[in-house]
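For the sequence shown, the working numbering assigns the number 280 to the last residue and increments by one with no breaks.
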Amino acid sequence: MVTLAAALIPQAASAQDISTLAVAHKSPFNCGKTFYANNWTPGHSPSGALDWQDYGGDDINGETVRATASGTAYFYDAGSTSYGKWIEVRHSDGTRTRYAHLATMARSAGGSMSVNQGTTIGTVGSTGGSNAPHLHYEQRTSTGAMDTSPTVDGVTVSLGQKKAITSTNACGGNPYTPEEVCGSGYSVIDSAGLIGGSTYLLYNSGDGYNCVVTLKTTNLGTSTSMSAFLEPEGESRTTDSGSYGYYAGPVKRHAAGQCVKWGGSIGTSTYTSPFEHCG
């Protein structure tokens, strides 16, 4: 539960506004995960937001948070107040979704990235004005009005309702994960959405190596022009490029204590980071 700053509270959406919510949203969690979506009232601010909470014996704290639909994600940090670490994804029809109280985010505050439906954007936490770990989630129209009966994975959760919803997000996709491609000891520390997939930056704290891999989500098993690259600051760039069915990479370089530039491509869709992750 959380009380947000009054300045962040929008008006509820009108019938006309809600008709503009044309993008279909999936649950913000990994495929097969079930959590409660609680649209509690009164006193929830803003009214109509969902609080995703534990279901059965499954603890939501630390769970991967995924974009519920494609768009551009913007990253913010309100510190110990309001949303805490939070993300707004702006979708192709002008509508927006918000994800708040995150423990970690895929970009630093002030950053942005293109995301597909299912792109990892953060993890569940309890930052800001939160009393316990949960994911605060909103669907808004292009005018900023709240949809007070949001629909995810085909399930509508109206004011006062609490429903257990099983995620179909990122189901039936690439059989490989970034961690599997890079190998034991690597964890994803950043990602960027591409048309048809995503590129990932991983780090192995045990040996100080970074790893970059680009994974497809469409045309799986069909050879497509792809690439992945990694460039420690002050050193040459290492690139893997070719026609691949599932992924490009892994590209590994030792970069402990160095800034790195990284990225990849699928067809003509490309991403190149600035020099970052300098720790």
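Every residue, glycine too, gets a C-beta built ideally from N, C-alpha and C. Since the structure is predicted, the reported quantities are computational estimates derived from the model, not experimental observations.
- In this chain, the alpha helix (DSSP H) harbouring C183 covers 179 to 183.
- DSSP places M114 in the uninterrupted beta strand (DSSP E) bounded by 113 to 116.
- With distances taken between CA atoms, Y177 lies nearest to G246 out of E234, G246, A146.
- Taking C-beta atoms under 8 Å as the contact rule, H255 and G184 fail to qualify, at a distance of about 14 Å.
- In this structure, the beta-carbon distance from N175 to T218 falls below 8 Å.
- Bounds of the beta strand (DSSP E) holding N39 are 35 to 39.
- Between the segment 221 to 229 and the segment 251 to 266 there are three or more inter-stretch CB-CB distances shorter than 8 Å, so the stretches are counted as touching.
- If you draw a 10 Å sphere on the C-beta of K34, you find 16 or more other C-beta atoms in it, and that means buried.
- At the C-beta level, V214 and V182 come within 8 Å of one another.
- Residues of the same chain with a CB within less than 7 Å of the CB of T124, apart from the 5 flanking positions on each side, are G63, E64, T65, V66, L103, A104, T105 in chain order.
- CA-CA distance, G126 to I61, rounds to 8 Å.
- In this structure, L195 is the residue among L195, T200, E234, L203 with its C-alpha nearest to the C-alpha of S270.
- By the 16-neighbour rule on beta-carbons within 10 angstroms, T82 is exposed.
- Take the alpha-carbon of S192 and the one of G186: they are about 18 Å apart.
- Counting of Cβ neighbours within 10 angstroms places N132 among the exposed residues, the total staying below 16.
- In the DSSP assignment, A229 falls within the unbroken beta strand (DSSP E) covering 225 to 233.
- Of the candidates A171, A79, N205, A171 places its Cα closest to the Cα of G198.
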